[in-house]
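Student:
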Amino acid sequence: MKTEYVDLRDGKDIDEGLYKAAQIIKNGGLVAFPTETVYGLGANGLDENAVPKIYEAKGRPSDNPLILHISEFDEIKNIVKEIPNTAFVLADEFWPGPLTMVFKKSNIVPYRTTGGLESVAVRMPSNKIARELIKMAGVPVAAPSANSSGRPSPTKASHVMEDLAGKIDMVIDGGAVDIGIESTIVDMTGEVPIILRPGFITEEMLSEAIGRVEVDEAVKSLVQGLDFKPKAPGMKYRHYAPSGKMVIYKGDSKKVIELINEEIKKLIGKKTAVLATDETKDLYEADIVVSVGSRQNAENIAHNLFDVLRKFDEMGAEIIFSESFDENKLGFAIMNRLHKSAGYNIINV
Ligand code: TXA
Ligand code: MG
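Our numbering puts the first residue of the sequence shown at 97, with every later residue one more than the last.
Following this line, the structure appears as structure tokens:
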């Protein structure tokens, strides 16, 4: 299949490009599009024949459910059974934006979209291209991140082309995304809302809006490197992973640098890499050193993380050493992604 690349970065021809994209989705095809978090791979989420194409293009296990994207709040009413009061408050506060809520699904949502679950995840993205596309398609758009399963999520259209060219109908280029890590997922089906995947919307922000919120035990233990069965099926897979072996060093910064450099010296004949920060990037002796941003700016680190992980692949890194970050606020989501990339390979210094 030929993948059509449509460049909408300069804002010209937006209507024409989006019209074509919406037709593809209506006709059961696949379109990758920008959102404020990461690029998504969209299909008609109510079309049982379209949804399996997403799984096939990504190489994604079919029990890993998809998020339905809407453009206006009213569109949620067809796809969920009930909306708790707290969800109205969260929607009011954070939609459109990087928050996904899980509800009991209505009958029109196929099990192929929900991976066989009775619940459905819903998000209203804030990216203009995304919202306009959903509106023009006239259906809830099922969209996972537009990467091959297991690879780092795409934050640029070029990342999508790398993974999916030849496998999908169209890629819309809307430039680099804003946030760079996927939405926060909150399960709204129980008494207390539970965070299933941390993201830009933090636990603190959620509980400020609605009071008590819990973090899924599995997510907590994943961040601490322990073993638990997570409720968001996607969180159980090794993910976001560069091809090289990756290990995270935690602890005093000076010691981390010293130990990593010692390890590098031992690895003769291997292409070594370090995921460093602006503050430390000149202090390493690896073949490849990439700064993910300044420690003073967690948002910038989130924005660059997946791009840096992909760069390691491009440059052929065989062994990747990574610094670690504070686990509070946005740092919790950053460390969640980093641990998954490293397959929970952590050294406490
Ligand atoms: O920011 C995002 O959320 C991006 C953009 C494109 O919107 N999408 C995204 O989708 O990250 P994906 O498929 O890569 O991740 C969705 C996660 C998976 O871990 C999946 O298991 C979980 O959401 N999920 C989906 N439906 C669920 C449900 N009904 N219950 C629990 N977890 C669910
Ligand atoms: Mg994904």
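Idealized CB from N, CA, C, for every residue including glycine.
1) Tell me whether Tyr135 is buried or exposed, calling it buried when 16 or more other Cβ atoms sit within 10 Å of its Cβ.
2) From Glu313 to Thr298, what does the alpha carbon distance come to, in whole angstroms?
3) Exposed or buried, what is Val386 when buried is set at 16 or more other beta-carbons lying within 10 Å of its beta-carbon?
4) Just how far apart, CA to CA, sit His165 and Ala382?
5) Since Phe199 and Lys173 should fall inside the 8 Å C-beta cutoff, what is the C-beta to C-beta distance between them, to a whole number of angstroms?
6) Quick one, are the C-beta atoms of Gly389 and Asp374 less than 8 Å apart?
7) Going by alpha carbons, who is nearest to Ile268 out of Gly155, Glu278, His255, Pro248?
8) Can you give me the Cβ contacts of Trp191 inside the same chain, cut-off strictly under 6 Å, excluding the 5 residues immediately before and after it?
9) Cα separation between Gly155 and Ser244?
10) Whose C-alpha, out of Ile360, Asn203, Ile179, is nearest the C-alpha of Gly141?
11) Taking 7 Å as the cut-off, is the CB of Val385 close to at least one heavy atom of the ligand TXA?
12) Out of Val404, Ile416, Val352, which one is the CA nearest neighbour of Lys366?
13) Would you report the Cα separation of Asn223 and Glu414, rounded to the nearest angstrom?
14) Which word fits Ser167, buried or exposed, when buried means at least 16 other C-beta atoms lie within 10 angstroms of its C-beta?
15) What three-state label does DSSP hand Val218 in the structure shown?
16) Mind checking whether the beta-carbon of Ser215 lies closer than 7 Å to any heavy atom of the ligand TXA?
17) Which whole runs of the beta strand (DSSP E) in the segment 174-250 are 3 residues long or more, in chain order?
18) Check this for me: beta carbons of Ile232 and Tyr115, under 8 Å apart or not?
19) Between Val445 and Val352, which are expected to be in contact by the criterion C-beta below 8 Å, what is the C-beta distance as a whole number of angstroms?
20) In the DSSP assignment, what are the bridge partners of Met342?
21) Out of Asn357, Phe296, Ser420, Asn432, which has the shortest C-alpha to C-alpha gap to Gly347?
22) Applying the criterion that 16 or more other CB atoms from any shown protein chain within 10 Å of the CB defines a buried residue, is Tyr207 buried or exposed?
23) Report the residue from Val237, Ile277, Val288, Lys407 whose alpha carbon sits nearest the alpha carbon of Phe296.
24) DSSP three-state call for Val445: helix, strand or coil?
25) So what does Ala372 bridge to, in DSSP terms?
Tutor: Put simply:
1) Against the sequence shown, residue 135 aligns to sequence position 39. So Tyr135 ends up on the buried side.
2) Taking the first residue of the sequence shown as 1, we reach residue 313 at position 217. Taking the first residue of the sequence shown as 1, we reach residue 298 at position 202. Cα to Cα, Glu313 sits roughly 16 Å from Thr298.
3) Sequence index remark: in the sequence shown, residue 386 carries index 290 (1-based). Buried, because 16 or more other Cβ atoms sit within 10 Å of the Cβ of Val386.
4) If you number the sequence shown from 1, residue 165 lands on position 69. If you number the sequence shown from 1, residue 382 lands on position 286. Between His165 and Ala382, the C-alpha separation is close to 42 Å.
5) Walking along the sequence shown from the start, residue 199 turns up at place 103. Walking along the sequence shown from the start, residue 173 turns up at place 77. Actually they do not touch by this definition, with Cβ atoms about 11 Å apart.
6) To locate residue 389, count along the sequence shown from 1; it is residue 293. To locate residue 374, count along the sequence shown from 1; it is residue 278. Their beta carbons are under 8 Å apart, which means Gly389 touches Asp374 by this criterion.
7) In the sequence shown, counting from the first residue as 1, residue 268 sits at position 172. Per the Cα distances, His255.
8) Taking the first residue of the sequence shown as 1, we reach residue 191 at position 95. Taken in chain order, the residues that qualify are Met220.
9) As a first step, residue 155 must be located in the sequence shown, where it is residue number 59. As a first step, residue 244 must be located in the sequence shown, where it is residue number 148. Distance from the CA of Gly155 to the CA of Ser244, rounded to the nearest whole angstrom, comes to 6 Å.
10) Position 45 of the sequence shown holds residue 141. Measuring from the Cα of Gly141, the nearest candidate turns out to be Asn203.
11) The residue given as residue 385 occupies position 289 in the sequence shown. Outside the cutoff, so no.
12) Locating residue 366 in the sequence shown gives position 270, counting from the first residue. Nearest option by C-alpha distance: Ile416.
13) Here residue 223 refers to the residue found at position 127 when the sequence shown is read from its first residue. Here residue 414 refers to the residue found at position 318 when the sequence shown is read from its first residue. Computed Cα separation, rounded: 36 Å.
14) To locate residue 167, count along the sequence shown from 1; it is residue 71. The residue is buried, with at least 16 neighbouring Cβ atoms inside 10 Å.
15) Start at 1 with the first residue of the sequence shown, and residue 218 comes out as number 122. If DSSP states are grouped into helix, strand and coil, Val218 belongs with the strands.
16) For the purposes of this step, residue 215 is taken as the residue at position 119 of the sequence shown. Checking the Cβ of Ser215 against the ligand TXA gives yes.
17) 195-200, 215-219
18) Residue mapping note: residue 232 aligns to position 136 of the sequence shown, counting from 1. Residue mapping note: residue 115 aligns to position 19 of the sequence shown, counting from 1. Per the sequence presented here, residue 232 reads as Met, with Ile not at that position. Cβ atoms of Met232 and Tyr115: closer than 8 Å.
19) Taking the sequence shown and counting its residues from 1, one reaches residue 445 at position 349. Taking the sequence shown and counting its residues from 1, one reaches residue 352 at position 256. Val445 to Val352, Cβ: 5 Å. Contact.
20) Your numbering for residue 342 matches position 246 in the sequence shown. DSSP, once it has assigned bridges, lists Ile416 as partnering Met342.
21) Taking the first residue of the sequence shown as position 1, residue 347 is located at position 251. Residue Ser420 is the option with its Cα nearest to Gly347.
22) As a first step, residue 207 is located in the sequence shown; it is residue number 111 there, counting from the start. Exposed is the label assigned to Tyr207, since fewer than 16 other Cβ atoms lie within 10 Å of its Cβ.
23) Reading the sequence shown from its first residue, position 200 is the one you call residue 296. For the residues Val237, Ile277, Val288, Lys407, the minimum Cα distance to Phe296 belongs to Ile277.
24) Counting from one through the sequence shown, the residue named residue 445 turns up at place 349. Reduced to three states, the DSSP call for Val445 is coil.
25) Here residue 372 is taken as the residue at index 276 of the sequence shown, counted from 1. Ala372 pairs with Ser387.
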